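Just so we're aligned, residue 4 is where the sequence shown starts under this note's numbering, counting upward by one. Glycine is no exception: its CB is placed at the ideal position from the N, C-alpha and C atoms. For clarity, every value in this text was computed on a predicted model and none was experimentally measured.
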Amino acid sequence: EAQRYSDLGVTAYKAHPGGDWRMHLEISEALRAKFPDMTLMLDPAGSDYSMTEAVKVGRRLERLDFHWLEEPFYDQYVGKYAELARTLDISIAASEATYGGPAGVAEFIRAGAADIVRADVAWKWGVTGTRKILHLAEAFGINCELHTAMSAMDVANLHVACASKNSEFFELYAPHELWHYPLKQGLDLRPDGTVHAPTGPGLG
Numbered sequence: 004e005a006q007r008y009s010d011l012g013v014t015a016y017k018a019h020p021g022g023d024w025r026m027h028l029e030i031s032e033a034l035r036a037k038f039p040d041m042t043l044m045l046d047p048a049g050s051d052y053s054m055t056e057a058v059k060v061g062r063r064l065e066r067l068d069f070h071w072l073e074e075p076f077y078d079q080y081v082g083k084y085a086e087l088a089r090t091l092d093i094s095i096a097a098s099e100a101t102y103g104g105p106a107g108v109a110e111f112i113r114a115g116a117a118d119i120v121r122a123d124v125a126w127k128w129g130v131t132g133t134r135k136i137l138h139l140a141e142a143f144g145i146n147c148e149l150h151t152a153m154s155a156m157d158v159a160n161l162h163v164a165c166a167s168k169n170s171e172f173f174e175l176y177a178p179h180e181l182w183h184y185p186l187k188q189g190l191d192l193r194p195d196g197t198v199h200a201p202t203g204p205g206l207g
């Protein structure tokens with residue numbers, strides 16, 4: 004999958020691996036060996052590592068020059084996230100599954116539990132809620148990276164991203180062609196690996 008998207012011009016790839024933390028390390032090592040210049044992230048998607056496992060994975064990712072480690076725990080464990088963020092140098096991304104819209108993300112920021120917060124229009128109270136989270140993160144000098152909505156709502160996500168300055172990446176769920184429904188045309192990749200917001204009425 005990473006090879007396919009690299010061939011399409013994409014310069015950043017996030018792995019969502021199955022298996023346990025040891026397999027996640029094997030996959031991470033293989034990705035870095037194959038793509039020495041690609042921006043790489045690891046997202047165990049709430050695999051609920053132990054603290055020891057999370058530190059081991061994080062330390063290895065630091066040596067592999069990964070950009071961030073995302074959601075090594077379920078999002079209710081704010082205290083574990085805060086401890087991990089203090090322990091590791093790699094950026095910790097979290098909060099995509101918190102409850103309470105902007106207030107849930109604010110608790111992560113208040114606790115120092117994430118270096119990068121997450122939001123999207125499907126899970127965080129629409130365009131308005133997601134914009135609030137982006138502004139909240141901006142006020143604290145951190146990025147809010149938009150979580151894929153895995154649907155036509157990604158068009159709304161893209162418009163929100165384009166109206167923000169503290170969002171570095173746009174996440175397309177792979178394979179991206181499967182997530183056009185119910186749109187006639189989804190967000191297609193340009194030759195340089197980017198996506199552009201539609202210019203038609205409304206969300207385009």
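- Within 10 angstroms of the beta-carbon of M26 lie fewer than 16 other beta-carbons, which makes it exposed.
- Shown here, R193 sits in coil according to DSSP, grouped into three states, outside any helix or strand.
- In the three-state scheme derived from DSSP, where H, G and I count as helix and E and B as strand, S154 is classed as coil.
- R35 has its alpha-carbon roughly 23 Å from the corresponding atom of T151.
- In the DSSP assignment, no residue is bridged to W182.
- With distances taken between CA atoms, V130 lies nearest to A166 out of R113, A142, A166.
- Per DSSP, the beta bridge partners of M44 are K17, W71.
- Linking G107 to Q79 through their CA atoms gives a straight-line distance of about 10 Å.
- For G21, the closest of D10, S50, S9, A5 by C-alpha to C-alpha distance is S50.
- Residues of the same chain with a CB within less than 6 Å of the CB of L186, apart from the 5 flanking positions on each side, are A155 in chain order.
- Annotation: L175 to V58 spans about 28 Å, alpha carbon to alpha carbon.
- With a cutoff of 7 Å on beta-carbon distance, P105 and K135 are scored as near each other.
- Taking the CA atoms as reference points, P47 sits about 14 Å from S98.
- Take G61, set aside five residues on each side of it, and the residues of its chain with a beta-carbon closer than 6 Å to its own are L72, L91, I93, in chain order.
- Counting other Cβ atoms within 10 Å of its Cβ, D157 reaches 16 or more and is therefore classed as buried.
- P75 counts as buried, since no fewer than 16 other beta carbons sit within 10 angstroms of its beta carbon.
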